[in-house]
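Note sheet for the following structure.
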Amino acid sequence: MPHFMKIDIIGAESLGVRGLCCFVTVGEQKILIDPGIALGFLRHHQAPHPAQVAVGEVIRKKIIQAWGLATDIVFSHFHGDHVPLVDANPYQLDAALVSNLNSGVRIWTKPTDFLTAKERKRSAALKERLDARWQDWSTEAGRLRFSEPVPHGEKTARNENVIMTRIADDSVFVHTSDIQLLDDDTVDRVLEWQPDVLLVGGPPLYLEQLSSTLRNRAWQNAVRLAGSVDLLILDHHLMRSLEGLQWLDRLSFESGRRVFCAADFMETPRRLLEAQREMLYEKMPVPLGWHQDYAEGKADTREFQTFLSQGEKF
3 MPHFMKIDII GAESLGVRGL CCFVTVGEQK ILIDPGIALG FLRHHQAPHP
53 AQVAVGEVIR KKIIQAWGLA TDIVFSHFHG DHVPLVDANP YQLDAALVSN
103 LNSGVRIWTK PTDFLTAKER KRSAALKERL DARWQDWSTE AGRLRFSEPV
153 PHGEKTARNE NVIMTRIADD SVFVHTSDIQ LLDDDTVDRV LEWQPDVLLV
203 GGPPLYLEQL SSTLRNRAWQ NAVRLAGSVD LLILDHHLMR SLEGLQWLDR
253 LSFESGRRVF CAADFMETPR RLLEAQREML YEKMPVPLGW HQDYAEGKAD
303 TREFQTFLSQ GEKF
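Going by this note's numbering, the first residue of the sequence shown is number 3, and it counts up by one from there.
Shown next, in the form of structure tokens:
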């Protein structure tokens, strides 16, 4: 008998942090995908504003709670905004916070052959720290199905890659992590899965080195998806700039189909805090030495949380 599928997007750029974490409940399975969080350590020579850090604290707690409930956890790849880390900075998820939760939970990830040297080091450290049953994408997984590794963005000599996740029951949900819409073959594979709801890491328009050719390719692939999927959600790298928000709204207009960011889907205000870091510093000055004090546990975010309780848009 089919079950109602519940999709909660926990962390993404339009929700105020770097990441693409979601929690999917279907029947007895509770699937946590990409349980990581980050804030750009420096952006325009500025550390994360304490208001961003406050949002990050809230989302980190939600990820930890979901970790404790999950039957399955998926790591699409081992970048620091997608997994807990044993060497986390103050704005990421420290693996120690989840190491004693949910003993024996299944963790799905890429096989070792597809890991970069840095990912291999992080994977080994997490396998030593976390009490879990480690699986790879080729194993049978009930309602879960995984792609073979696909490019992290465009195909490059670095050969960075991610796995995509498909969850099927009464409907089909697909999580594509950092594909960035830059590889046509990857988008073809997504469409072959016939998703009803699709969560995509969009193109990094904030990077000046992203060529006009790649920008156009991402746009054409977004148009393809918007015309083929009932509910399309674009976020992650796309929402690291206000240009990304304009790009999203233009896609909705030109495709004639509403395209969502994570905040839209979760019916919460859009907070592109990474894109608006300079404005945050202007609006709420930060005491000298605050970040060092925060890292040492001598400062907190309480005085910067007002806009959270007021639900103010940024």
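Note that the Cβ used here is the ideal one computed from N, Cα and C, for glycine as well.
Treat the numbers as computed from the prediction; the structure is a model and nothing was measured.
Under the DSSP definition of a beta bridge, Trp-110 partners with Val-76 and Gln-137. Bridge pairing for Asp-96: Leu-87 [DSSP].
Rounded to the nearest angstrom, the gap between the Cα atoms of Met-7 and Cys-24 is 13 Å. Counting only the Cα atoms, Leu-290 lies some 16 Å from Val-55.
Trp-221 and Val-164 have their C-alpha atoms spaced approximately 21 Å apart.
Scanning its chain for C-beta atoms nearer than 6 Å, with the 5 sequence neighbours on each side dropped, one finds around Leu-103 the residues Trp-69 and Gly-70, in chain order. When the five nearest sequence neighbours on each side are left out, the beta carbons in the same chain lying within less than 7 Å of the beta carbon of Ser-230 are those of Leu-193, in order along the chain. Contact between the region 109-117 and the region 202-209 is absent: fewer than 3 CB-CB pairs across the two stretches fall below 8 Å.
The alpha carbon of Lys-123 has as its nearest neighbour, out of Ala-143, Gly-144, Val-88 and Ser-140, the alpha carbon of Val-88. The beta carbon of Val-174 lies closer than 7 Å to those of Arg-168, Trp-195, Gln-196, Pro-197 and Asp-198 in the same chain, with the five residues before and after it left out. In the structure shown, the three-state DSSP call for Arg-168 is strand. If you draw a straight line from the Cα of Gln-248 to the Cα of Leu-240, it comes to about 10 Å. Rounded to whole angstroms, the separation of the alpha carbons of Thr-158 and Asp-186 is 14 Å.
With contacts defined as CB atoms closer than 9 Å, Ala-53 and Leu-244 fail to qualify as a contacting pair.
In this structure, the alpha-carbon of Cys-263 lies about 31 Å from that of Tyr-296.
By the neighbour-count criterion, in which 16 or more other beta carbons inside 10 Å mark a residue as buried, Ser-125 falls on the buried side. For Phe-25, the enclosing beta strand (DSSP E) begins and ends at 22-28.
DSSP, read as helix, strand or coil, puts Gln-31 in strand. With fewer than 16 other beta carbons inside 10 angstroms of its own, Gln-48 counts as exposed. Around the beta carbon of Gln-94, 16 or more other beta carbons sit within 10 angstroms, so the residue counts as buried. Rounded to whole angstroms, the gap between the alpha carbons of Leu-183 and Ile-35 is 19 Å. Taking every protein chain shown into account, the CB of His-46 has fewer than 16 other CB atoms within 10 angstroms, so this residue is exposed.
Ranking Phe-77, Phe-80, Gly-155 and Gln-294 by CA distance to the CA of Arg-219 puts Gly-155 first.
DSSP, reduced to helix, strand and coil, places Ala-277 outside both helices and strands of the structure shown, so it counts as coil. If you draw a 10 Å sphere on the C-beta of Phe-43, you find fewer than 16 other C-beta atoms in it, and that means exposed. If you draw a straight line from the Cα of Arg-145 to the Cα of Gly-29, it is about 10 Å long.
Under the three-state reduction of DSSP, Ala-119 is assigned to helix. Sequence-distant partners of Phe-267 (beyond 5 residues in either direction) whose C-beta falls short of 7 Å from its own C-beta, in its chain, are Ile-11 and Ile-235. Per DSSP, the continuous beta strand (DSSP E) segment holding Ala-14 begins and ends at 7-14. Counting other Cβ atoms within 10 Å of its Cβ, Pro-287 stays below 16 and is therefore classed as exposed.
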